[in-house]
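Below: one structure, written as structure tokens.
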Amino acid sequence: MAEIMKKAFVIGHPIKHSRSPMIHGHWLAKHGIDGSYQAIDVAPRDFADFLASMQANGYRGGNVTIPHKEAAFAGVTRRDHAADEIGAVNTLWLEDGTLWGGNTDGHGFAANLDDYAAGWAANGPAVVLGAGGASRAVIHALKERGVGDIRIVNRTLARAIELRDRFGAGVSAHEMAATAELLGDAGLLVNTTALGMQGNEGLPADPTLLPDHAVVNDIVYVPIETPLLAAARTRGLKTVDGLGMLLNQAVPGFERWFGVRPKVTAELRALIVADL
Ligand code: ATR
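Heads up, the sequence shown is in the numbering used here, so the first residue is 323 and it goes up one at a time.
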């Protein structure tokens with residue numbers, strides 16, 4: 323009997339700018355898997371129906387992106403630990419007929435730093451700029467990796483306080499005016515705000531205030547070298563761009579749907595960079 327083609331998806335609204343089909347398509351071809359990974363535009367009002375018919379339509383699972391990550395969190399039957407901590411689901415899969423939701427963004431963040439700044443978690447206090455969804459994934463990963471002093475800085479202080487209360491011990495909340503003081507003894511600076519993105523150029527913090535051993539990571543990857551990373555590099559600091567987070571967050575989902583743990587290679591990276 324011919325094996326049934328393995329099918330997965332990414333759903334969002336809009337979805338046409340997603341790079342996930344290119345990433346998973348590359349891995350499917352690389353491993354010679356008879357599978358498909360399809361981008362599907364699903365409007366918020368159609369999300370519940372999509373979830374309910376996923377299994378009948380032959381899907382093994384897929385990725386969920388903006389604006390469905392919170393609805394997916396509420397809509398699945400079981401959740402992994404990361405999804406519970408982050409409060410959002412970006413990966414769906416079926417296990418013995420049960421719909422599971424997980425969150426791989428924190429894994430993507432940490433794996434990217436592992437690739438380019440080994441030992442980063444023992445570098446000292448971490449300053450996290452921003453307090454949105456991406457920040458929650460980053461803080462979850464920092465806590466998992468044992469970073470004991472996590473300093474959230476946000477334009478809207480109330481949102482930073484919300485995250486501090488959510489994540490508890492070792493996490494503090496600060497207003498932007500305090501950034502300079504917080505950077506002086508930090509070992510890691512992570513930007514999760516939209517500042518520095520194409521069309522929103524600007525420095526979310528001054529990386530020259532960091533000590534020599536600090537690592538600077540921007541989760542923004544368009545442009546691949548943000549003003550923050552450029553300033554940090556000029557200062558002689560180790561920098562890690564955000565593309566590796568995108569590539570690494572895709573790994574656990576691919577493994578669940580298609581049964582092979584794929585690798586984030588220079589070849590894949592170059593493919594995506596050429597398309598940015
Ligand atoms: P995401 O899911 O990408 O984290 P988000 O939840 O919209 O997106 O969060 C965006 C983050 O970028 C927030 O921390 C936001 O600050 P506020 O909470 O004060 O809105 C931050 N941000 C966006 N534009 C900014 C700007 N021009 N200056 C400073 N912070 C900005």
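Don't be surprised by glycine CBs; every beta carbon is placed ideally from N, CA and C.
Predicted model, so just to flag it, every value in this text is computed and none were measured.
Counted within 10 angstroms of its Cβ, other Cβ atoms place residue i as buried (16 or more) or exposed
i: N379; result: exposed
i: G518; result: buried
i: A527; result: buried
i: Q571; result: buried
i: A453; result: buried
i: T530; result: exposed
i: K338; result: exposed
i: V450; result: buried
i: G383; result: buried
i: S375; result: exposed
i: A596; result: exposed
i: L511; result: buried
i: M323; result: Model confidence at M323 stands at a pLDDT of 47, short of 50, so the residue's coordinates are unreliable; what they give is reported in the following sentence. Exposed.
i: K391; result: buried
i: H348; result: buried
i: P549; result: buried
i: P533; result: exposed
i: T587; result: exposed
i: T478; result: exposed
i: H403; result: exposed
i: A592; result: exposed
i: E407; result: buried
i: P584; result: buried
i: P615; result: The structure shown does not extend to residue 615, since the chain is modelled only from 323 through 598, so no value can be given for it.
i: A499; result: exposed
i: A480; result: exposed
Range of the contiguous alpha helix (DSSP H) that encloses residue i
i: I483; result: L479 to F489
i: V595; result: A588 to V595
i: A433; result: D427 to Y438
i: A500; result: A500 -> no alpha helix (DSSP H), and no H or E assigned at all.
Closest Cα partner of residue i within the set the options
i: K352; options: F576, D597 and A596; result: F576
i: A611; options: I355, N385 and H496; result: Residue 611 falls outside the range modelled here, since the chain spans only 323 to 598, and no answer is possible.
i: E523; options: L505, A508 and E547; result: E547
i: N412; options: H429, T387 and D418; result: T387
i: G334; options: W349, S358, I355 and I362; result: I362
i: L373; options: V332, S342, H339 and G354; result: V332
i: M567; options: E484, T587, G430 and G558; result: G430
i: L421; options: R578, P389, A502 and L593; result: R578
i: M327; options: G446, A592, G354 and N476; result: G354
i: E466; options: A432, T478 and L593; result: A432
i: G419; options: A405, N434 and R400; result: R400
i: G509; options: A554, P447 and R477; result: P447
i: N513; options: R341, S457, F369 and A393; result: S457
i: A444; options: D471, K391 and E484; result: D471
i: G455; options: N434, R473 and E484; result: E484
i: K329; options: A495, Y381, A404 and H346; result: Y381
i: A516; options: Y543, A500 and L414; result: Y543
i: F580; options: D402, S358, A499 and A365; result: S358
i: R367; options: A393, M344 and Q360; result: A393
i: A554; options: L569, V582, L525 and P574; result: L525
i: D507; options: A495, A482, G521 and R473; result: R473
i: L435; options: V582, V573 and I541; result: I541
Unbroken beta strand (DSSP E) run spanning residue i, endpoints
i: T413; result: T413 to E417
i: G424; result: T420 to G424
Quiz prompt | At least 3 beta-carbon pairs within less than 8 angstroms: the region 533-550 vs the region 560-577 | solution = yes
Checklist line | Entirely enclosed alpha helix (DSSP H) segments - the region 513-581, minimum 4 residues | finding: 549-556, 565-571 and 573-580
At which residue ranges does the region 440-479 contain complete alpha helix (DSSP H) runs of 4 or more residues, listed in the order of the chain?
455-466
Going residue by residue through the region 326-404, where are the continuous alpha helix (DSSP H) segments of at least 4 residues, counting only ones entirely within it? 342-352, 369-375 and 391-397
Note to self: Using a Cβ distance threshold of 8 angstroms, determine whether the region 483-495 contacts the region 454-474, with at least three qualifying pairs required.
What the structure shows: yes
Using 8 angstroms as the Cβ pair cut-off and three pairs as the minimum, do the region 424-431 and the region 440-451 touch? no
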